[in-house]
Amino acid sequence: MSESSELSSKYVMQTVGFDARFPNQNQTRNCFQNYVDYFKCVAAKGDDFAPCKQFKKAYNSLCPNEWISRWDEHRENGSFPASLDP
Numbered sequence: 001m002s003e004s005s006e007l008s009s010k011y012v013m014q015t016v017g018f019d020a021r022f023p024n025q026n027q028t029r030n031c032f033q034n035y036v037d038y039f040k041c042v043a044a045k046g047d048d049f050a051p052c053k054q055f056k057k058a059y060n061s062l063c064p065n066e067w068i069s070r071w072d073e074h075r076e077n078g079s080f081p082a083s084l085d086p
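Oh and the sequence shown: position 18 is 18 in full-length UniProt numbering, straight run, nothing missing.
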C-alpha cells in the first residue's frame with residue numbers, strides 16, 4: 001500500500017454541506033451564525049451534546065482562523081457583538 005493511499009484511508013476530507021439560509025458564494029454570515037449557534041448550543045446543552053459539534057465543525061471549516069481567535073477574545077472580555085444566551 002502506498003503512503004498516499006494509507007493517508008487517504010486514515011483521513012476523510014469534508015466540508016460543510018449546503019445551507020439554504022446562505023445561498024450566495026459569500027459565506028461570512030454562515031461562518032458567523034455557526035460560531036454563534038455553537039456557543040448557544042453549548043450553553044444550553046453542554047460540551048458533550050453531539051449536535052453542537054456540527055456547528056463547531058462548520059465554523060472551523062468556513063471561518064478564517066484569525067476571525068475565530070478574535071471572536072474568542074471578544075467572548076472572553078465580554079465585548080462579543082451577539083448574544084450567546086440560549
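Where a beta carbon is used, it is the ideal one built from N, C-alpha and C, also for glycine.
- Val36 is a Cβ neighbour of Ala82, given a cutoff of 9 Å.
- Rounded to whole angstroms, the Cβ separation of Asn30 and Phe55 is 11 Å, and the two are not in contact under 8 Å.
- Using a 10 angstroms sphere on the CB of Phe49, the tally of other CB atoms stays under 16, which defines it as exposed.
- Lys57 is a Cβ neighbour of Val16, given a cutoff of 9 Å.
- Distances from the alpha-carbon of Gln14 to those of Ser61, Ala20, Lys45 and Ala44 put Ser61 closest.
- In this structure, DSSP gives Pro51 a helical state, which the three-state scheme calls helix.
- For Ser61, the secondary structure class from DSSP, reduced to helix, strand or coil, is helix.
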